[in-house]
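Quick notes on the structure that follows.
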Amino acid sequence: MSHPRHFLNLRDAGGDAIAAMLNDAIGRKSARKALPKGEPDADHPLSGRVLGMVFEKSSTRTRVSFDIAMRQLGGGTLVLDAASSQLGRGETIADTARVLSRMVDAIMLRTDDHAKIEEMAQHASVPVINGLTDRSHPCQIVADLLTVIEHGKPLPGLEVAWFGDGNNVLHSILEAAALMKFNVRVATPKGYEPEPEFVEMARASGSIVTLTQDAAAAAQGADVIVTDTWISMGQAHAEEKLTAMAPYQVNDALMGRAKPDAIFLHCLPAHVGDEVTQSVFEGPQSVAFDEAENRIHAQKAVLRWCFGQL
Ligand code: CP
Ligand code: NVA
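For any residue, its number in my numbering is found by taking its place in the sequence shown, counting from 1, and adding 6.
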């Protein structure tokens with residue numbers, strides 16, 4: 007049996023495959039513009055395939071976009087959550103991986119500890135897709151790249167500015183910077199920087215990564231302004247963290263420092279009034295809902311890559 011194509015991090019696919027995914031997503035999205043959302047694409051490329059989606063954390067976009075993505079590719083899905091499956095009663099990841107591999111054609115897992123998804127991949131004989139861990143969120147970033155390109159911004163040389171918490175979403179942005187050759191300014195409070203491994207990966211590939219505590223400097227002349235919740239799933243609502251994050255709120259003053267045609271990205275769910283003001287979130291530069299819709303088109307491309315079609 008050939009080794010399954012897992013998608014645990016963007017580097018598993020590499021830059022050429024990510025570029026192929028983005029092209030595929032753009033083509034498929036445009037080809038099905040007039041179709042109802044649940045109608046399959048004309049070629050049904052994943053006809054007969056089933057994706058098992060395992061959630062150990064909440065989700066709206068990831069769950070719905072993968073479900074609709076599979077329908078549009080001609081396949082189907084099923085959902086397992088920790089509370090109502092044996093995973094929640096202590097069945098091991100290894101056994102769950104082996105059982106699901108006999109029953110479904112691919113597994114999407116959203117979990118906390120990244121080691122769990124590595125264990126799932128190690129024991130699965132079908133592709134395993136990272137639907138978010140505490141460490142990374144690669145599927146989100148394929149949708150983000152698609153959104154950036156759609157808004158007329160080529161990736162090489164792009165200046166992306168991140169504000170707030172150095173979290174899982176930022177880690178995947180840094181990985182994307184390494185693979186797609188763009189630069190990232192990271193403005194976080196002291197102690198909330200991203201993990202060095204992701205910064206080093208981007209720098210080693212030639213991307214310029216600036217780590218700063220100066221939000222205004224990070225925004226200056228940027229093409230893309232991006233933020234995320236200050237408190238990720240599973241984290242405590244610590245007052246100390248919220249206070250530290252306050253100077254990194256994306257507001258009109260910050261947006262005003264970016265290029266006039268800069269776009270604002272947020273993976274959602276948003277906490278308007280915390281990491282972003284109402285005026286920016288609802289403003290003309292915000293493309294957060296294009297980004298959310300693009301989860302479908304991006305996930306279709308990820309799935310096709312996992313099944314060896316890209
Ligand atoms: N952005 C994102 O992954 O959203 P959900 O948590 O709703 O899946
Ligand atoms: N950083 C957030 C992303 C949610 C999609 C979290 O992990 O909760």
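Where is the CB? At the ideal position from N, CA and C, for every residue including glycine.
### Query
What three-state label does DSSP hand residue 215 in the structure shown?
strand
#### Entry: Unbroken stretches of the alpha helix (DSSP H), 4 residues or longer, contained in the segment 214 to 265
221 to 225, 245 to 251, 258 to 263
### Task
Using only alpha-carbon positions, find the residue among 79, 140, 101, 259 that is nearest to residue 394.
Lying outside 7 to 316, the shown extent of the chain, residue 394 is not represented and no answer is given.
### Message
Among 171, 132, 265, whose alpha-carbon lies nearest the alpha-carbon of residue 10?
### Response
132
### Query
For residue 285, is the beta carbon positioned less than 7 angstroms from some heavy atom of the ligand CP?
no
### Message
Considering Cα atoms alone, identify which of 251, 250, 60 is closest to residue 93.
### Response
60
### Query
Is the segment 150 to 164 touching the segment 224 to 240, taking contact as three or more C-beta pairs under 8 angstroms?
yes
### Task
Just the C-alpha distance for residue 264 and residue 278, rounded to the nearest angstrom, thanks.
20 angstroms
### Message
Following a CB-centred definition, is residue 138 positioned closer than 7 angstroms to any heavy atom of the ligand NVA?
### Response
yes
### Task
Please classify residue 42: is it buried, with 16 or more other beta-carbons within 10 angstroms of its beta-carbon, or exposed?
exposed
### Task
Have a look at the DSSP bridge pairing and note the partners of residue 102.
Partner(s): none; residue 102 has no beta bridge.
#### Entry: Three or more C-beta pairs below 8 angstroms linking the segment 178 to 191 and the segment 252 to 268
no
### Query
Nearest to residue 50 by CA position, among 64, 77, 57, 35, is which residue?
77
### Message
Looking at the secondary structure, which residues open and close the beta strand (DSSP E) in which residue 165 lies?
### Response
165 to 169
### Query
At which residues does the alpha helix (DSSP H) containing residue 68 begin and terminate?
67 to 78
### Message
Given a cut-off of 8 angstroms on the beta-carbon distance, is the pair residue 28 and residue 58 in contact?
### Response
no
### Message
By the three-class DSSP mapping on this structure, what secondary structure does residue 292 have?
### Response
strand
### Query
Do residue 15 and residue 181 have their CB atoms nearer than 8 angstroms?
yes
### Query
Which residues mark the beginning and the end of the beta strand (DSSP E) in which residue 140 is found?
Run containing residue 140: none; DSSP gives neither H nor E here.
### Query
Is residue 189 near the ligand NVA, in the sense that its beta carbon is under 7 angstroms from a heavy atom of that ligand?
no
### Cβ neighbours of residue 204 in the same chain (closer than 7 angstroms, five flanking residues each side left out)
177, 180, 181
#### Entry: For residue 259 and residue 112, the rounded distance between their alpha carbons
45 angstroms
### Closest Cα partner of residue 239 within the set 293, 233, 140
140
### Task
Give a yes or no on whether the C-beta atoms belonging to residue 225 and residue 167 are separated by under 8 angstroms.
yes
### Query
With residue 34 and residue 306 assumed to form a contact (beta carbons below 8 angstroms), what rounded beta-carbon distance in angstroms separates them?
6 angstroms
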